[in-house]
Each structure stands twice: as C-alpha cells, then as structure tokens.
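Comments concern the structure below.
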Amino acid sequence: MGSETNVLEFQSVALGADGRGPLIALDLPVDVRSVLVEMKGKDGTYYLVDRLEGPDGTELVRPSASSENAVEGPFSSPNRSSATLSGTGALLVPNTDTGTIGPGRWQFGVQGYRLCESGTLPADGTVDVKVHIQCGKPLARGKIDLQVNIPAIHGWKAADAEGNQYLAQVLSSAREHLKRAGLDIGKLTFRDIDASFATASDYALPEGMGACAPEELFKQSDSSGALSVFLLKNLYVAGNQVGGLSGGIPGPASPSTSASGVAVSLDPSYRDPKEVGKSLAHEIGHYLGLSHTFEADLSMNDAITDTPEGTAGRRNLMYFEGPLQRDVARLDLSAGQARVVLSHPLVHR
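See below:
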C-alpha cells in the first residue's frame, strides 16, 4: 500500500426512494493526499458518489438534476464520478492534475440506480461504504502488484506461468507503457481458475457459447493488496468483442467484489503479446482512475490539463482507441495522468 492508509467503514447506508443516501462526514488530516471511496451493494444496481463537498463548500461532485439520468451530473463534475459494473462502485479523489483534497470536514453522498430504456431509475436499499484515506508525501514513482488469473486456456497453468514466453512478453509490454507514469509492476503471483471463466460477456451470447458475466468474473479475485488480472479467451462488451475491460474507473482496492479486476482477451487466435500488453496497461490505467483522453461518442475530453485533446491524443495510452493502434508502438502517459495513477491505494513504494 502507500505511505499510510487509513480505512473507514460505513455499513448498511440507507438509500431513499430517490436512490440517494445521507451525507457522510469525513474529517481529513493535514497530510491527506488522496481518498478512494468504495461502495458495495446489490447485483443489478449501480452505485456512484453523486455529491462531494469540501470544507469551504466547494463541490467536486454534483448530483444530477433529474433521477431519469443519475449519471449526468456526477460524470460532468470537476472530479468525474461514474459507475461501470453493477454491484460495486468507486471514486478516486483527486482524479485530475488540478484537483486537490485537503484537511478539514468533507461530506459525500452515495446514489444507487438501475438502468431502463429511458435512462435510469432510482434504487433504494442499503449499501456498504469503505473509505481509504491516503496520507503522506505523494509518490514520485510506485509499484503495483498483480495476481494473474488463468482459466485453463491454451493449456496454460499457473505452475508453468513463469516460464511462459508469451505471458512474459505481455507483461514486458505492459511494463514498458506503465513506466511512462512512473509505475512498475511489483510482485507477481499466478493462479488457476475454472475454465468456465474463460469467456466473459455482459449480454447473452448465442446458444453453445458459454460465458460468465464480468461481475461474476471479478468476484473470483482473492488477493488483498494486489490487482487481479484475468486472461480470457474472449471478452464481449455492449455487443462487441473487445480487447480489455476494467472493473471501474477507478476500481476498488478491495478484492472479491463485482469490480475487483481487469480482464484482457487473447483471441482471436492468440493476439500479438505486445498488443495484449498494451491493452493490459490501458485497463490498469482505467482501474487506477484514468478516463479516456477523448470520448468520441460524447465529443468530450478528460479533465487532465496536460493530455492532448480530441484525436491529437491518439499516441496517449488512454486514448479511446489507444490499444488498437498497431501503427503506434509507443503510447505515452502525461505527468498529470501519472499523478492520478500514483494516488490509488493499490500503488505502493
């Protein structure tokens, strides 16, 4: 973990008929450098921080005006807040190069919602909240430990992983991209998981194509203090075959939740290991709090000031098509992006 991490837990926070919980107070110390809020609730319900206010009343996360679109306000806030998978949510503060988190009494609120054809519906019930408070001097460089999960594909086994040249090239490629943010891969462990987790999909596949939901895949993570990486045969998201998926932006520091991990796919027919490594580094960037530099479907740039805007950012690791660009061998990360990834509790000295 980081130089010092304090953890607070708020069990069974009640969400009202509007999906919103009460404001929760956080008294932060003078040497606070980042805060990670985790929310764990029911499968099928999405959770996000929809309100965050500093001691002087400054709003870093603002709620949506309408419950029909619970995500709009938080997503467009100074400290962007969003949900990726159901059951678990997280927010890293700050997640920009200009944002700050300082001492004093802060307040935040949590919202639950379900998806529907018209947008979102509020979801009541309860949610467990865990807050990781990182204190001390900011990291100039850091390491992240990885637990690599192998679901019996291509005859691979965890016991043979250290001698697997393909896997070695994947990890070497990921290292090459992550080091541009001052981040290295630390301790590596390998683990076998059941073959039923070889393919993940967030929608129903044709009969005979067995797949687990991404949320069920990430619940298989069991390594405290390390990021779980899942090597899959195939991965399908929103109707498309994709190269990678992160449990969240950011993902939680805790294991065994529906968002605890990143996944990369190796097929079709064994992707180039350097390209898989590029995808892995991209998803790790998401997990540690980085958004795409540019969202083409929204015509929206990220909130980090030193990343290129629009298509000028195609050489950045977090460009929305970054891992797919075979003609770009080296993908960069900016100093502002480095500040964000080095603030996540899974990153240590």
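Quick note on numbering: the sequence shown equals residues 738 to 1086 in my numbering.
Where is the CB? At the ideal position from N, CA and C, for every residue including glycine.
- Following the DSSP letters along the chain, one finds Lys1015 inside the alpha helix (DSSP H) bounded by residues 1010-1024.
- Setting aside the 5 residues that flank it on each side, Thr1042 is surrounded in the same chain by Asp834, Thr835, Gly1073, each with a C-beta closer than 7 Å to its C-beta; the list follows chain order.
- Per the C-alpha coordinates, the member of Gln978, Ser818, Tyr783, Glu805 positioned closest to Val798 is Ser818.
- For the options Gly976, Phe934, Val974, the alpha carbon positioned closest to that of Phe967 is the one of Phe934.
- Counting only runs of 3+ residues, the beta strand (DSSP E) found wholly inside the segment 926-984 occupies 936-938, 964-969, 971-974, 981-983, in chain order.
- Residue state for Thr821 is assigned as coil, using DSSP reduced to three classes.
- When the five nearest sequence neighbours on each side are left out, the beta carbons in the same chain lying within less than 6 Å of the beta carbon of Gly826 are those of Met776, Tyr784, Leu785, Ala820, in order along the chain.
- Straight-line measurement puts the Cα of Pro800 at about 22 Å from the Cα of His869.
- DSSP, read as helix, strand or coil, puts His914 in helix.
- In the displayed model, Tyr903 falls within a helix according to three-state DSSP.
- When secondary structure is reduced to three states using DSSP, Asp1034 falls in the coil class, being assigned neither helix nor strand.
- According to the DSSP secondary-structure assignment, Trp843 is paired through a beta bridge with Leu763.
- Contact between Ala1000 and Leu1025 does not hold, since the beta-carbon distance rounds to 16 Å and is not under 8 Å.
- Here Ala898 is near Phe927, since their CB atoms are less than 9 Å apart.
- Residue state for Leu908 is assigned as helix, using DSSP reduced to three classes.
- Per DSSP, Glu809 lies in no beta strand (DSSP E) segment; the continuous alpha helix (DSSP H) that holds it begins and ends at 809-812.
- For Gly824 and Val750, the gap between their C-alpha atoms comes out near 14 Å.
- Burial state of Pro766 is exposed, judged by a 10 Å Cβ sphere holding fewer than 16 other Cβ atoms.
- Taking all protein chains shown into account, Pro792 has fewer than 16 neighbouring C-beta atoms within 10 Å of its C-beta and is therefore exposed.
- In the DSSP annotation of this structure, Gly1050 is not part of any beta strand (DSSP E), being labelled neither H nor E.
- Spatial neighbours of Ala996 in its own chain (CB-CB distance under 8 Å, excluding positions within 5 residues in sequence) are listed in chain order as Thr821, Leu822, Gly824, Thr825, Gly826, Ala827, Glu952, Phe955, Gly984, Gly985, Gly988, Pro989.
- For Ile761, the closest C-alpha among the options Asp755, Thr742, Asp865, Arg1076 is that of Asp865.
- The three-state secondary structure of Glu1058, taken from DSSP, is coil.
- Note that the C-beta distance between His1019 and Leu972 is not below 9 Å.
- For Asp921, the secondary structure class from DSSP, reduced to helix, strand or coil, is strand.
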